[in-house]
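Student:
This is the structure we're talking about:
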């Protein structure tokens, strides 16, 4: 348990020159939310964290972002103007944390471009830092590390068993990291990047290194934005697939989704199963795929609504098996479109998109599964109101 | 110029335990093609490469894959059964390369789970290896590298300016790498992974290190598969957006796509521009977005077909601006679906999917752009035959 006060410095003042493009990486949007915001939200909700110094290149821009996402009054967050190097920016953040007597014992240092921060790791780091003076998250090396000479000639290949990649978060006793920044040289501030190294060099603190999960990587290149998107998606989509037992496409769909989303659950016979009626009271799914026979069954609409987490964006997909061809022959395309839009507007208030898929052709399970999977992995609003056919 | 014969060892016998899931990473599909195949195809088309030893864990499985993708008679490719460690597998591949007197002077060593291999880098490595004895691709370190003690305590933070990540391809004079494997110890074969290190330790060869592009990373974790998908997609989608000049959504679409695909080009007034009539003879686009007024214009269908690269999978999207509402009121949903399927079947022969988007609502440019972007980034067959509405 962490029974003392902890502060955070989030370093987000970089220019992101390695990413390419004109928007620095901390502002790139992942699911309509700037990358930076993921880290802020994670730290903001941890109770023992009392103060967050958010060091940014553009105060006005970040103020507007915080406002847009309802964090303008978050009392923990303090904006700090970034400086020319990572170390100088972090030092500015530390100065902000020391401004009032908040009795912060440990301070976490984190990069704003690392969106995924497991809470248990944060706790382990904070407790270790309190004991050892400093602690840092690490990952095994993916590639061998080589030491090279000035003219790009191999000098030595390092032993992978005793070398690791340094990630963040890192945590320090406040007194240790403040002392390290006070003692270090201008040269360190200009060319260094590793806070653990400052604590080692200037305070003799040998940090405890804790292995984190594979999500700890940093968004550096454009490709990393895609990775961030996939990783975040894996954590934010919870799918419930509701159908009668005989629907083979439903099990195929569960298999297809299981590798891409946070959770996927198959529920059979929603109207009469006891098993389900207890479970469905928990609003744990933000995405529901509902299989109907012939046409959309109204009682299903009532039943599944209690399972939906209405606070999170998500998607509702109605799959109509053996769709009613007579009805489709007598309905005009225009009316189809209008009813789709009406449905979409209705669900918009519940933060949900809605798509209807009519299945007319038999033995097209795989096509259906590919279609539903694509819809779920896309942004939930993009296809809302559309009617599709298999 | 490379005026001598070169061989390749592709190491693809790993179990991929870090990826999770039951399918080793080299067999994971990216756009319906096993990851491994991307590297094979790249090397197979380089003319100075005469022999490829493909070291795999499952000979039968890879034979079937080569057959499925039309490479069963590729005379350069030789399958070799992998062994327990990377070094042992590579040694087995080298033995295969030496079997006949093929006069190979340089041999490239590459990991099967690195799908993107710039041809110019391969050439630079081969020429450098011929001069220096060995050459390897490198990348700057993304994270600081730490040396740790047995009990996970920080010993030292390495200087990032003289350390780099070792990637592949690497290239060696055949005599050098064969000698290195002959001289090295069982311990090296069991615990080492770095071929440059063997050449250094046993032959005194200090490799030339050449910086490659950011695409050189290795698929290690599940998240890397998403990255691979995005990187490969960026290289394989060439979009042409055809519309009258006044269509504002078209320019918005070009901006939206430019960050995600290989090329995107706006063409104005396809029917009467000289500029266009010369260009359109080159079949360089696999994806075309065609804006129409009121309804699909038949003459466009003829004109744009010459721009389409029919050998590659792709998508044709018809966007109908100010769609004809009268027509939509008199057409039945069933007929709409049937005509969509007919269109999809027709384009299937040309390896193309087709989607029609009717725009009825005004001022919805952003929704349209999001929809078209999602369609283009999805697999081209998934939405083929669907009719969508804005």
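Chains as they are written, first to last, in this note's numbering: chain A, -8 to 381; chain B, -8 to 381. We put the beta carbon where it would ideally sit given N, CA and C, even for glycine.
Among the candidates A:369, A:361, A:331, whose CA atom is the shortest distance from the CA of residue 378 of chain B?
Tutor: The count along the second chain starts at 1 and reaches residue 378 of chain B at position 387. Here the closest residue by C-alpha is A:331.
Student: Would you report the Cα separation of residue 241 of chain A and residue 275 of chain A, rounded to the nearest angstrom?
Tutor: By one-based count along the first chain, residue 241 of chain A stands at place 250. By one-based count along the first chain, residue 275 of chain A stands at place 284. For residue 241 of chain A and residue 275 of chain A, the distance between alpha carbons rounds to 19 Å.
Student: When the cut-off is 7 Å and only beta carbons count, does residue 271 of chain B lie next to chain A?
Tutor: What you label residue 271 of chain B is simply residue 280 of the second chain in a count that begins at 1. Here the model assigns residue 271 of chain B a pLDDT of 47, short of 50, so the residue's position is not dependable and the matter cannot be decided.
Student: Alpha helix (DSSP H) containing residue 188 of chain B: first to last residue?
Tutor: Here the question's residue 188 of chain B lines up with position 197 in the second chain. Per DSSP, residue 188 of chain B belongs to the alpha helix (DSSP H) from 186 to 194.
Student: Helix, strand or coil: how does DSSP classify residue 14 of chain A here?
Tutor: Working through the first chain from its first residue, we reach residue 14 of chain A at position 23. DSSP places residue 14 of chain A in coil when its eight states are reduced to three.
Student: Taking only beta-carbon positions, decide if residue 347 of chain A is within less than 7 Å of chain B.
Tutor: Taking the first residue of the first chain as 1, we reach residue 347 of chain A at position 356. For residue 347 of chain A, the answer is no, since every Cβ of chain B falls outside 7 Å of its Cβ.
Student: Confirm, please, whether the CB-CB distance from residue 100 of chain A to residue 45 of chain A is below 7 Å.
Tutor: Residue 45 of chain A sits at position 54 when you count from the first residue of the first chain. Residue 100 of chain A sits at position 109 when you count from the first residue of the first chain. Against a cut-off of 7 Å, the Cβ pair of residue 100 of chain A and residue 45 of chain A comes out as no contact.
Student: Starting from residue 185 of chain B, find everything on chain E with Cβ-Cβ shorter than 7 Å and list it in chain order.
Tutor: Absent from the structure is chain E; the protein chains it does hold are A and B.
Student: Name the residue from B:374, B:182, B:191 whose alpha carbon lies nearest to the alpha carbon of residue 126 of chain B.
Tutor: As a first step, residue 126 of chain B must be located in the second chain, where it is residue number 135. Here the closest residue by C-alpha is B:191.
Student: Leaving aside the five residues before and after residue 15 of chain B along the sequence, list all residues of the same chain whose C-beta is less than 8 Å from its C-beta, in chain order.
Tutor: Your numbering for residue 15 of chain B matches position 24 in the second chain. The answer, listed in chain order, is 5, 6, 7, 48.
Student: Counting C-beta neighbours from all protein chains within 10 Å, is the total for residue 277 of chain A 16 or more, i.e. buried, or is it exposed?
Tutor: Numbered from 1 along the first chain, position 286 holds the residue referred to as residue 277 of chain A. Its Cβ being crowded by 16 or more others within 10 Å, residue 277 of chain A is buried.
Student: Within 7 Å (strictly less), CB to CB, does residue 115 of chain B reach chain A?
Tutor: Looking up residue 115 of chain B in the second chain gives position 124. Cβ-Cβ to chain A under 7 Å: no for residue 115 of chain B.
Student: Which runs of the alpha helix (DSSP H) spanning at least 4 residues fall entirely within the stretch 52 to 122 of chain A, listed in chain order?
Tutor: Runs of the alpha helix (DSSP H) inside the stretch 52 to 122 of chain A: 77 to 88.
Student: Quick check on residue 271 of chain B: does DSSP put it in helix, strand or coil?
Tutor: As a working note, residue 271 of chain B is residue 280 in the second chain. Confidence at residue 271 of chain B is low in this model, with a pLDDT of 47, below 50, so its placement is unreliable and no value can be given for it.
Student: Using a cut-off of 7 Å between C-beta atoms, extract the partners of residue 138 of chain A located in chain B.
Tutor: Along the first chain, one-based indexing puts residue 138 of chain A at 147. Chain B residues near residue 138 of chain A: 153, 154.
Student: At 9 Å on the CB atoms, spell out the chain B contacts of residue 370 of chain A, in chain order.
Tutor: Reading the first chain from its first residue, position 379 is the one you call residue 370 of chain A. Near residue 370 of chain A (Cβ distances below 9 Å), the residues of chain B are 361, 365.
Student: Use the C-beta contact count for residue 218 of chain A: other C-beta atoms within 10 angstroms, 16 or more gives buried, fewer gives exposed.
Tutor: As a working mapping, residue 218 of chain A is identified with position 227 in the first chain. Per the 10 Å Cβ criterion, buried.
Student: Near residue 362 of chain B, which residues of its chain fall below 6 Å by C-beta distance, leaving aside the five closest residues on each side in sequence?
Tutor: If you number the second chain from 1, residue 362 of chain B lands on position 371. Nothing listed; no residue qualifies.
Student: When you compare each of A:137, A:37, A:346, A:196 to residue 308 of chain A by their alpha carbons, which one comes out closest?
Tutor: Working through the first chain from its first residue, we reach residue 308 of chain A at position 317. Answer by Cα proximity: A:346.
Student: Quick check on DSSP: helix, strand or coil for residue 339 of chain B?
Tutor: Translated into positions along the second chain, residue 339 of chain B becomes position 348. Residue 339 of chain B: helix per DSSP, three-state reduction.
Student: Three-state secondary structure (DSSP) at residue 265 of chain B?
Tutor: For this step, residue 265 of chain B is matched to residue 274 along the second chain. Here the model assigns residue 265 of chain B a pLDDT of 45, short of 50, so the residue's position is not dependable, and the following value carries that caveat. The answer is helix: DSSP assigns residue 265 of chain B an H, G or I state.
Student: The alpha helix (DSSP H) that contains residue 146 of chain A, what's its start and end?
Tutor: Translated into the one-based positions of the first chain, residue 146 of chain A becomes position 155. Taken as a continuous stretch (DSSP letters only), residue 146 of chain A belongs to no alpha helix (DSSP H), being part of the beta strand (DSSP E) at 145 to 148.
Student: Does the beta carbon of residue 163 of chain B sit closer than 7 Å to a beta carbon anywhere in chain A?
Tutor: In the second chain, counting from the first residue as 1, residue 163 of chain B sits at position 172. No, no contact with chain A.
Student: State yes or no: is the beta carbon of residue 22 of chain B nearer than 7 Å to at least one beta carbon in chain A?
Tutor: Residue 22 of chain B sits at position 31 when you count from the first residue of the second chain. Not closer than 7 Å to any Cβ of chain A, the Cβ of residue 22 of chain B fails to qualify, so no.
Student: Just to confirm before moving on: does the CB-CB distance between residue 51 of chain B and residue 69 of chain B stay below 7 Å?
Tutor: Position 60 of the second chain holds residue 51 of chain B. Position 78 of the second chain holds residue 69 of chain B. For residue 51 of chain B and residue 69 of chain B, no; Cβs fall outside 7 Å.
Student: For residue 328 of chain B versus residue 380 of chain A, is the C-beta spacing smaller than 7 Å?
Tutor: Here residue 328 of chain B refers to the residue found at position 337 of the second chain. Here residue 380 of chain A refers to the residue found at position 389 of the first chain. Closer than 7 Å, so yes.
Student: Looking only at its own chain, which residues have a Cβ that is under 7 Å from the Cβ of residue 151 of chain A, when we skip the five neighbours before and after it?
Tutor: By 1-based counting over the first chain, the position of residue 151 of chain A is 160. Contacts found: 132, 135.
Student: Give a yes or no on whether the C-beta atoms belonging to residue 326 of chain B and residue 285 of chain B are separated by under 7 Å.
Tutor: For the purposes of this step, residue 326 of chain B is identified with residue 335 of the second chain, where counting begins at 1. For the purposes of this step, residue 285 of chain B is identified with residue 294 of the second chain, where counting begins at 1. No, the Cβ-Cβ distance between residue 326 of chain B and residue 285 of chain B is not below 7 Å.
Student: Give the straight-line distance between the Cα atoms of residue 258 of chain A and residue 161 of chain A, rounded to the nearest whole angstrom.
Tutor: Here the question's residue 258 of chain A lines up with position 267 in the first chain. Here the question's residue 161 of chain A lines up with position 170 in the first chain. Computed Cα separation, rounded: 42 Å.
Student: Please say whether residue 198 of chain A and residue 145 of chain B have beta carbons closer to each other than 7 Å?
Tutor: Start at 1 with the first residue of the second chain, and residue 145 of chain B comes out as number 154. Start at 1 with the first residue of the first chain, and residue 198 of chain A comes out as number 207. The answer is yes: Cβ separation under 7 Å.
Student: Taking three-plus beta-carbon pairs below 8 Å as touching, is the stretch 58 to 78 of chain A in contact with the stretch 33 to 44 of chain A?
Tutor: Touching, yes, given that three or more Cβ pairs across the two stretches are closer than 8 Å.
Student: Which one or two residues does DSSP pair with residue 371 of chain A in a beta bridge?
Tutor: Taking the first residue of the first chain as 1, we reach residue 371 of chain A at position 380. Beta-bridge pairing links residue 371 of chain A to no other residue.
Student: Should the stretch 170 to 189 of chain B be regarded as contacting the stretch 73 to 92 of chain B, the criterion being three or more beta carbon pairs within less than 8 Å?
Tutor: Verdict: yes, contact present.
Student: Buried or exposed for residue 264 of chain B, going by 16 or more other Cβ atoms inside 10 Å?
Tutor: The residue labelled residue 264 of chain B in the question sits at position 273 within the second chain. For residue 264 of chain B, the pLDDT reaches just 48, beneath the cut-off of 50, and the residue's location in the model is therefore unreliable, although a value from the coordinates is still provided. With fewer than 16 other Cβ atoms within 10 Å, it is exposed.
Student: Any contact between the stretch 103 to 114 of chain B and the stretch 204 to 222 of chain B? By contact I mean 3 or more CB pairs, one from each, below 8 Å.
Tutor: Segments in contact, yes.
Student: Determine whether the beta carbon atoms of residue 319 of chain A and residue 231 of chain A lie at a separation below 7 Å.
Tutor: As a first step, residue 319 of chain A is located in the first chain; it is residue number 328 there, counting from the start. As a first step, residue 231 of chain A is located in the first chain; it is residue number 240 there, counting from the start. For residue 319 of chain A and residue 231 of chain A, no; Cβs fall outside 7 Å.
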